[in-house]
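**Student:** My questions all concern the structure below.
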Amino acid sequence: MNLSAALPSFLQQVWETVLPLLIAAVCGGVVGLERERANRPAGLRTHVLVCVGSALIMQVSLAMWHLTGEGQWGNGDPGRIAAQVVSGIGFLGAGTIMREGVNIRGLTTAASLWVVAGVGLAVGARLYIPAVVTVVVAVITLKCMSEMERHFLSKGGERTLVLHVTDKPGQMAALASACARRGINITGVDIRLGTVPGTVEISLRFRASSRFDTAPLIGDLMATEGVLSVTEEE
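Numbering (this note's numbering), first residue to last: 1442 to 1675.
In structure tokens, the structure reads:
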């Protein structure tokens, strides 16, 4: 076997198989970075893995097609394996969807995972331009359109209450109940260790009109056992 002749062929094969995986990692990372910065359940690593995995599966599908003589020596339909990504990604997306009272969160992240899986399939099939365009559209949709929704479509602005509470089981449920009694639907929660040992700092985010009076809600929260202080962020 002539190694000098086989080496360029090997390097070309490596280039043709590795390059799509690297491009898929970048594409998935771009979308995942936006989700990571938004503190969503599926972030950078999840989107990168989904996109790279989809690209690899598409390469396997195409390889099976060529190994079977492009369908002449067996059933090597390249769409059969790739199609399982489209249906299988639904199970992963479902894990990012959470119910908080009457609100449902995670649908956008589940959709971004589905889009990233499609991008991976496209990259695996070397459809680079459609894949890049899809990534650009996805990032614009996730970043810019969320700002448009907040400015033009929301019924009110986002308000934040910062609570210092004792760290004990069931505390979050008690706070959620106090908010529910005032008709407040919590849209986000951030929990950090408090400056005093045995306490935590909880930031509760909710949407309300500029005329909404937070005083009664703060009073209810202060009356909750374990709540040390409640302040509203400006």
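Ideal placement from N, C-alpha and C gives every residue a C-beta, glycine not left out.
Thinking just about the alpha-carbon of each residue, which of 1663, 1562, 1531 and 1502 is nearest to the one in residue 1493?
**Tutor:** Here the closest residue by C-alpha is 1562.
**Student:** Please state the DSSP three-state secondary structure of residue 1498.
**Tutor:** Three-state result, residue 1498: helix.
**Student:** Tell me which same chain residues have a C-beta within less than 6 Å of the C-beta of residue 1525, skipping the five on either side of it?
**Tutor:** So the list is empty, once near-sequence residues are dropped.
**Student:** Should the stretch 1632-1642 be called in touch with the stretch 1654-1663, which here means at least 3 C-beta pairs below 8 Å?
**Tutor:** Counting Cβ pairs under 8 Å, fewer than three are found: no touch.
**Student:** Could you give the distance in angstroms between the alpha-carbon of residue 1653 and the alpha-carbon of residue 1458?
**Tutor:** Computed Cα separation, rounded: 58 Å.
**Student:** Let me make sure I understand the geometry here. Which of 1625, 1671, 1523 and 1669 has the alpha-carbon closest to that of residue 1650?
**Tutor:** For the residues 1625, 1671, 1523 and 1669, the minimum Cα distance to residue 1650 belongs to 1625.
**Student:** Assign residue 1499 to one of two classes, buried (16 or more other C-beta atoms within 10 Å of its C-beta) or exposed (fewer than that).
**Tutor:** Classification of residue 1499: buried, given that the 10 Å Cβ count is 16 or more.
**Student:** By the DSSP assignment, the alpha helix (DSSP H) with residue 1560 in it spans what residues?
**Tutor:** Its alpha helix (DSSP H) spans residues 1548-1565.
**Student:** With DSSP as the reference, label residue 1634 as helix, strand or coil.
**Tutor:** Of the three classes helix, strand and coil, the one that applies to residue 1634 here is strand, per DSSP.
**Student:** Could you pull the start and end residues of the beta strand (DSSP E) that residue 1670 belongs to?
**Tutor:** Per DSSP, residue 1670 belongs to the beta strand (DSSP E) from 1668-1673.
**Student:** On the premise that residue 1553 lies in contact with residue 1579, defined as a C-beta separation below 8 Å, what is that separation, rounded to the nearest angstrom?
**Tutor:** Indeed they touch by this definition, with Cβ atoms about 6 Å apart.
**Student:** Ends of the alpha helix (DSSP H) at residue 1618?
**Tutor:** Residues 1612-1622.
**Student:** To the nearest angstrom, how far is it from the Cα of residue 1613 to the Cα of residue 1481?
**Tutor:** Each residue's Cα considered, the two are about 19 Å apart.
**Student:** Go through its chain and collect everything with a Cβ distance to residue 1663's Cβ below 7 Å, but skip five positions before and after it.
**Tutor:** So the qualifying residues of the chain are 1671.
**Student:** Could you give the C-beta distance for residue 1577 and residue 1469, rounded to a whole number, given that I count them as a contact under 8 Å?
**Tutor:** The Cβ separation is near 14 Å, so there is no contact.
**Student:** Do residue 1464 and residue 1564 have their beta-carbon atoms positioned less than 9 Å apart in this structure?
**Tutor:** Yes, the Cβ-Cβ distance between residue 1564 and residue 1464 is below 9 Å.
**Student:** How many whole angstroms separate the CB atoms of residue 1582 and residue 1644, which I take to be in contact at a CB cut-off of 8 Å?
**Tutor:** Actually they are not in contact, since the Cβ atoms of residue 1582 and residue 1644 sit about 27 Å apart, beyond 8 Å.
**Student:** Under three-state DSSP, which class holds residue 1481?
**Tutor:** The answer is coil: DSSP assigns residue 1481 none of H, G, I, E or B.
**Student:** To the nearest angstrom, how far is the alpha carbon of residue 1456 from that of residue 1496?
**Tutor:** One C-alpha to the other measures close to 14 Å.
**Student:** Going by DSSP, what residue range makes up the beta strand (DSSP E) through residue 1645?
**Tutor:** Element bounds for residue 1645: 1640-1649.
**Student:** Considering only C-alpha positions, which residue in the set 1454, 1452 and 1461 is nearest to residue 1567?
**Tutor:** Nearest C-alpha to residue 1567: 1461.
**Student:** What separation, rounded to the nearest whole angstrom, lies between the Cα atoms of residue 1474 and residue 1607?
**Tutor:** So the two alpha carbons sit approximately 34 Å from each other.
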